[in-house]
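Student: Have a look at the structure that comes next, please.
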Amino acid sequence: MRVTSETKKVKSNFFGYSLNSNKMQLDLVCMSWRSESIWIEFIVGSRKTSNFCWAFILFFGSLGFLLVGTSSYLGRNLISLFPSQQIVFFPQGIVMSFYGIAGLFISSYLWCTIFWNVGSGYDRFDRKEGIVCIFRWGFPGKNRRIFLRFLMKDIQSIRIEVKEGIYARRVLYMEIRGQGAVPLTRTDENLTPREIEQKAAELSYFLRVPIEVF
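Positions 9 to 222 (the working numbering) are the ones given, in order, by the sequence shown.
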């Protein structure tokens with residue numbers, strides 16, 4: 009869905025930049041704001057519906073395994089919903105307890121990434137200033153804020169990397185002179201070929217650079 013609004017004067021401040029344009033384009037799907045000279049795109053990060061679902065499933069499933077394993081060790085049911093009389097602690101109970109503990113660690117990791125919103129941020133392409141800024145939130149520590157800044161004239165191309173198979177992967181990169189390729193999309197975004205081709209074409213047209221496919 010794309011909404012285009014035209015006004016006589018559009019004034020907005022975003023990350024320290026003043027946007028004045030007769031035509032501003034708002035893309036609700038990609039959460040991006042575009043004018044004639046500036047393109048700002050938000051990156052969702054870890055707070056996605058699928059991550060919330062997996063975190064809940066792993067937490068409750070692992071908790072069930074751990075309760076059954078603990079009940080088999082104690083010889084009584086801690087919760088009536090998880091019968092354990094037929095389960096011998098060695099080896100079934102130990103294995104279920106191990107799976108439960110491992111699952112709780114994984115679910116805790118997922119909840120941490122969701123809480124810190126790891127991977128979220130924005131991409132800002134300023135054709136007027138000739139600058140590209142990429143910002144991402146990381147894990148707490150020295151890499152909590154990841155900020156990259158490039159000159160637009162150093163961008164050589166927009167690269168599409170495609171790997172087909174059971175685990176198909178389509179990633180969009182920006183080739184920077186002297187610094188290699190910088191990813192613009194995550195490997196778990198699961199973009200369709202049409203979506204990634206359209207995004208690459210629009211970005212290539214905006215930056216006035218060629219597209220490469222690998």
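C-beta atoms are modelled at their ideal positions from N, C-alpha and C, and glycine is treated no differently.
Model, not experiment: these values are computed from the prediction.
Tell me where the alpha helix (DSSP H) around L74 begins and ends.
Tutor: Here the question's residue 74 lines up with position 66 in the sequence shown. Element bounds for L74: 57-82.
Student: Under 7 Å Cβ to Cβ from E203, same chain only, skipping five residues before and after it: list those, please.
Tutor: The residue labelled residue 203 in the question sits at position 195 within the sequence shown. Within its own chain, no residue has a Cβ closer than 7 Å to the Cβ of E203 once the five positions on either side in sequence are excluded.
Student: Have a look at G108, Y107, F106, V76 and flag the residue whose alpha-carbon is nearest the alpha-carbon of Q94.
Tutor: Numbered from its first residue, the sequence shown carries residue 94 at position 86. Nearest C-alpha to Q94: V76.
Student: With a cut-off of 8 Å on the beta carbons, I'd call Y130 and F143 a contact; round off their distance for me.
Tutor: Within the sequence shown, numbered from 1, the residue matching residue 130 stands at position 122. Within the sequence shown, numbered from 1, the residue matching residue 143 stands at position 135. Correct: roughly 5 Å between the Cβ atoms.
Student: Count the CB pairs spanning the stretch 52-61 and the stretch 119-128 that are closer than 8 Å, and state whether there are at least three.
Tutor: yes
Student: Between the Cα of F73 and the Cα atoms of N198, L86, M160, which residue gives the shortest distance?
Tutor: Reading the sequence shown from its first residue, position 65 is the one you call residue 73. With distances taken between Cα atoms, F73 lies closest to L86.
Student: For the alpha helix (DSSP H) that contains Y175, what are its first and last residues?
Tutor: Here residue 175 refers to the residue found at position 167 of the sequence shown. Run containing Y175: none; DSSP gives neither H nor E here.
Student: Given a cut-off of 8 Å, decide if I65 and M132 are closer than it, judged by their beta-carbon atoms.
Tutor: Taking the sequence shown and counting its residues from 1, one reaches residue 132 at position 124. Taking the sequence shown and counting its residues from 1, one reaches residue 65 at position 57. According to the sequence provided, residue 132 is Arg. The question's Met does not apply to it. Going by C-beta atoms, R132 is not nearer than 8 Å to I65.
Student: Using DSSP with H/G/I as helix, E/B as strand and the rest coil, what is S128?
Tutor: What you label residue 128 is simply residue 120 of the sequence shown in a count that begins at 1. Reduced to three states, the DSSP call for S128 is coil.
Student: Which parts of the stretch 158-220 are runs of the beta strand (DSSP E), unbroken and 3 residues or longer, counting only runs that do not cross its ends?
Tutor: With a minimum length of 3 residues, the continuous beta strand (DSSP E) runs that stay inside the stretch 158-220 are 163-171, 177-184, 188-191.
Student: With distances taken from CA atoms, which of T78, I168, I139 is nearest T200?
Tutor: One-based indexing of the sequence shown puts residue 200 at position 192. When only C-alpha atoms are compared, the closest one is I168.
Student: Starting from R144 and walking both ways along the beta strand (DSSP E), at which residues does that stretch end?
Tutor: Locating residue 144 in the sequence shown gives position 136, where the first residue counts as 1. That run of the beta strand (DSSP E) goes 139-145.
Student: Can you give me the start and stop residues for the beta strand (DSSP E) that R42 sits inside?
Tutor: Position 34 of the sequence shown, counted from the start, is the residue given in the question as residue 42. Start and end: 40-42.
Student: So is V140 buried or exposed if we call it buried at 16+ other beta carbons inside 10 Å?
Tutor: Your numbering for residue 140 matches position 132 in the sequence shown. By the neighbour-count rule (16 or more Cβ atoms within 10 Å), V140 is buried.
Student: Since M182 and I154 are thought to touch, with beta carbons under 8 Å apart, how far apart are those beta carbons, to the nearest angstrom?
Tutor: Walking along the sequence shown from the start, residue 182 turns up at place 174. Walking along the sequence shown from the start, residue 154 turns up at place 146. At roughly 15 Å, the Cβ-Cβ gap does not stay under 8 Å, so M182 and I154 are not in contact.
Student: Let me check one thing: in DSSP terms, what residues is L156 bridge-paired to?
Tutor: Locating residue 156 in the sequence shown gives position 148, where the first residue counts as 1. Per DSSP, I142.
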